[in-house]
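Note sheet for the following structure.
Chains as they are written, first to last, in the working numbering: chain A, 22 to 284; chain B, 22 to 284.
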């Protein structure tokens, strides 16, 4: 299996797209025909994948939506469906795990063996040994929370130590120490475009997963201008803005094209 | 339902115990009779609970062990069993989640509704809005990672901002802002007893969940002397040291009594 980072770069080129579609189904928001299906989340995701697979560089199911609804089997079925029907499109399982080494090994098994994801999001708060069991899967991507998109992300991430904020320490740790297999990436929220610009300077070569356009209010132009510099990889995620659009394919195409305007 | 913190204090008094038993079954380590059972993790946990329920103040299943082995149903069965057969013993679901608000709501549903846990562990890296959906369940406990027990926990947690390390910022945020429902607690590793002493000075009244005695090498005397000050609550976790002892009841009793020596 090729490296995740290689596969993402190829998918970006093939579909001319830096769009990541977040597969975060909420039962109450599904169109009625899916709510009445035997596997509503899976059937809904299948329709979204069928409508967008030539317009995206990756898919990102958010594990919480399946876990909270007791529909783990539909998460697995969704990932299997993508592997079988859109084999060139990598799947990022958004779980944001982080735990001591022996426990992180179990979470890595969950993401990469049970769910067969191509990449996973992880939390850096516990340090290197909490991330290493994921990084050791050299052909899988490991996308580490750096500057997150939510309103209070600065509570800790903006604390300044040795002259730079915590999130920049994370970026430097990843760049200098954690990327020993070349499979690391960062989560950088679209809602903080200036921080995204600084992070791109610090890490010119790391792929960034960028949530926060659409419902969270991030600006596409600022994200692309500040982040897609010198051929660097962005995976710009939209979930609600595409899943619940009147025409998801049209919404995906529009966002892909808007991103491409500024590349 | 009484507050988690009240229930823990009552369980400590009733069983004269600050021992938390971690229910982290690993298939290869189970005695053969359990490996051959239809629900090996559940049957094993049931035996551990039956052997220790008068010796502990809480149980703490680590979700990763069930998720990694695709045995979520046995996690739910284990928690149900404890609620039914040891109703005075609270259950902490160790998941260390943390995500943006709308996603954290799903994880809170997973922990408190799907699994019916009494408390949950969460990661503070993303800030207040990532923790609030858990804190809003006022009768549930929310145990926030502060100074974790693993070897590289200092990578971020020891970075000094405004004169104090990051983990102390977390402690002060929890004490001053996040404990608005009186249901917050901290994770403080037994492997860093000096930091535990400092944290007890900063937060004299917050309960501490203390992993890291036993297999990870934490010193019981230092933990209790530094942490169980002025009637403050400790939940001292042991997993492997009890689960795989020749006689789990005897191992639990020994550790409970060792803890009590220094209270």
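Even glycine gets a Cβ: it sits at the ideal position worked out from N, Cα and C.
Tell me the rounded alpha-carbon separation between residue i and residue j.
{"i": "residue 120 of chain B", "j": "residue 128 of chain B", "result": "9 angstroms"}
{"i": "residue 216 of chain A", "j": "residue 204 of chain A", "result": "22 angstroms"}
{"i": "residue 66 of chain A", "j": "residue 70 of chain B", "result": "40 angstroms"}
{"i": "residue 240 of chain A", "j": "residue 232 of chain A", "result": "11 angstroms"}
{"i": "residue 185 of chain B", "j": "residue 208 of chain A", "result": "26 angstroms"}
{"i": "residue 45 of chain A", "j": "residue 269 of chain B", "result": "42 angstroms"}
{"i": "residue 158 of chain B", "j": "residue 134 of chain B", "result": "11 angstroms"}
{"i": "residue 54 of chain A", "j": "residue 61 of chain A", "result": "9 angstroms"}
{"i": "residue 151 of chain B", "j": "residue 221 of chain A", "result": "25 angstroms"}
{"i": "residue 218 of chain A", "j": "residue 248 of chain A", "result": "6 angstroms"}
{"i": "residue 139 of chain B", "j": "residue 111 of chain B", "result": "6 angstroms"}
{"i": "residue 230 of chain B", "j": "residue 164 of chain B", "result": "7 angstroms"}
{"i": "residue 223 of chain A", "j": "residue 170 of chain A", "result": "19 angstroms"}
{"i": "residue 272 of chain A", "j": "residue 168 of chain A", "result": "26 angstroms"}
{"i": "residue 48 of chain B", "j": "residue 264 of chain B", "result": "12 angstroms"}
{"i": "residue 114 of chain A", "j": "residue 59 of chain A", "result": "23 angstroms"}
{"i": "residue 132 of chain B", "j": "residue 160 of chain B", "result": "13 angstroms"}
{"i": "residue 242 of chain B", "j": "residue 108 of chain A", "result": "56 angstroms"}
{"i": "residue 238 of chain B", "j": "residue 210 of chain B", "result": "10 angstroms"}
{"i": "residue 104 of chain A", "j": "residue 188 of chain B", "result": "41 angstroms"}
{"i": "residue 51 of chain B", "j": "residue 180 of chain A", "result": "45 angstroms"}
{"i": "residue 182 of chain B", "j": "residue 156 of chain B", "result": "26 angstroms"}
{"i": "residue 57 of chain A", "j": "residue 43 of chain A", "result": "22 angstroms"}
{"i": "residue 68 of chain A", "j": "residue 214 of chain B", "result": "54 angstroms"}
{"i": "residue 93 of chain B", "j": "residue 212 of chain A", "result": "35 angstroms"}
{"i": "residue 123 of chain A", "j": "residue 162 of chain A", "result": "20 angstroms"}
{"i": "residue 63 of chain A", "j": "residue 96 of chain A", "result": "7 angstroms"}
{"i": "residue 266 of chain A", "j": "residue 166 of chain A", "result": "28 angstroms"}
{"i": "residue 147 of chain B", "j": "residue 261 of chain A", "result": "21 angstroms"}
{"i": "residue 91 of chain B", "j": "residue 130 of chain A", "result": "10 angstroms"}
Closest to residue i by C-alpha separation, out of the options, would be which residue?
{"i": "residue 154 of chain B", "options": "B/180, B/76, B/200", "result": "B/200"}
{"i": "residue 125 of chain A", "options": "B/231, B/87, B/27, B/50", "result": "B/87"}
{"i": "residue 275 of chain A", "options": "A/29, A/39, A/28, A/25", "result": "A/39"}
{"i": "residue 149 of chain B", "options": "B/193, B/113, B/184", "result": "B/193"}
{"i": "residue 102 of chain A", "options": "A/85, A/137, A/284, A/132", "result": "A/137"}
{"i": "residue 282 of chain A", "options": "A/245, A/260, A/222, A/161", "result": "A/245"}
{"i": "residue 235 of chain B", "options": "B/41, B/29, B/26", "result": "B/41"}
{"i": "residue 98 of chain A", "options": "A/89, A/82, A/109", "result": "A/82"}
{"i": "residue 37 of chain B", "options": "B/224, B/188, B/24, B/79", "result": "B/79"}
{"i": "residue 196 of chain A", "options": "A/89, A/264, A/225", "result": "A/225"}
{"i": "residue 100 of chain A", "options": "A/84, A/156, A/162", "result": "A/84"}
{"i": "residue 177 of chain A", "options": "B/190, B/172, B/183", "result": "B/190"}
{"i": "residue 27 of chain B", "options": "B/51, B/117, B/202", "result": "B/202"}
{"i": "residue 279 of chain B", "options": "B/76, B/63, B/57", "result": "B/76"}
{"i": "residue 277 of chain A", "options": "A/266, A/258, A/143", "result": "A/258"}
{"i": "residue 198 of chain A", "options": "B/173, B/94, B/29, B/166", "result": "B/173"}
{"i": "residue 145 of chain A", "options": "B/95, B/90, B/89, B/117", "result": "B/117"}
{"i": "residue 284 of chain B", "options": "B/250, B/122, B/266", "result": "B/250"}
{"i": "residue 73 of chain A", "options": "A/130, A/106, A/94", "result": "A/106"}
{"i": "residue 228 of chain A", "options": "A/93, A/142, A/261", "result": "A/142"}
{"i": "residue 25 of chain A", "options": "A/91, A/206, A/147", "result": "A/206"}
What in chain B is Cβ-close to residue i, meaning under 8 angstroms?
{"i": "residue 73 of chain A", "result": "Near residue 73 of chain A there are no residues of chain B at all, since even the closest Cβ is about 21 angstroms away, more than 8 angstroms."}
{"i": "residue 166 of chain A", "result": "146, 147"}
Shorter than 6 angstroms, the distance from the beta carbon of residue i to the closest heavy atom of the ligand SAH, or not?
{"i": "residue 131 of chain B", "result": "In terms of ligand content, the structure shown is empty, and the ligand SAH therefore cannot be addressed."}
Check the Cβ of residue i against every Cβ in chain B and list those closer than 7 angstroms, keeping chain order.
{"i": "residue 144 of chain A", "result": "119, 144, 146"}
{"i": "residue 190 of chain A", "result": "177, 180"}
Under 9 angstroms between beta-carbons, which chain B residues line up against residue i? List them in chain order, please.
{"i": "residue 93 of chain A", "result": "88, 91, 93"}
Going along chain A in order, which residues have a C-beta closer than 7 angstroms to the C-beta of residue i?
{"i": "residue 217 of chain B", "result": "By Cβ distance, chain A contributes nothing, its closest Cβ being about 17 angstroms from residue 217 of chain B, past 7 angstroms."}
{"i": "residue 150 of chain B", "result": "171, 172, 173"}
{"i": "residue 194 of chain B", "result": "176"}
Output, in sequence order along the chain, the residues in the segment 168–188 of chain A whose CB is closer than 8 angstroms to any CB in chain B.
From the segment 168–188 of chain A, only 169, 170, 171, 172, 173, 174, 175, 176, 177, 178, 180, 181, 182, 183, 187 have a Cβ closer than 8 angstroms to chain B.
Which of the residues in the segment 59–84 of chain B, read from start to end, lie with their CB under 7 angstroms from any CB of chain A?
83
Closer than 8 angstroms is the cut-off here; do at least three beta carbon pairs connect the segment 252–271 of chain B with the segment 25–37 of chain B?
yes
By the 7 angstroms beta-carbon criterion, what residues does the segment 120–140 of chain A contribute toward chain B?
Look at the segment 120–140 of chain A: the residues with a C-beta under 7 angstroms from a C-beta of chain B are 120, 121, 122, 124, 127, 128, 130, 131, 135.
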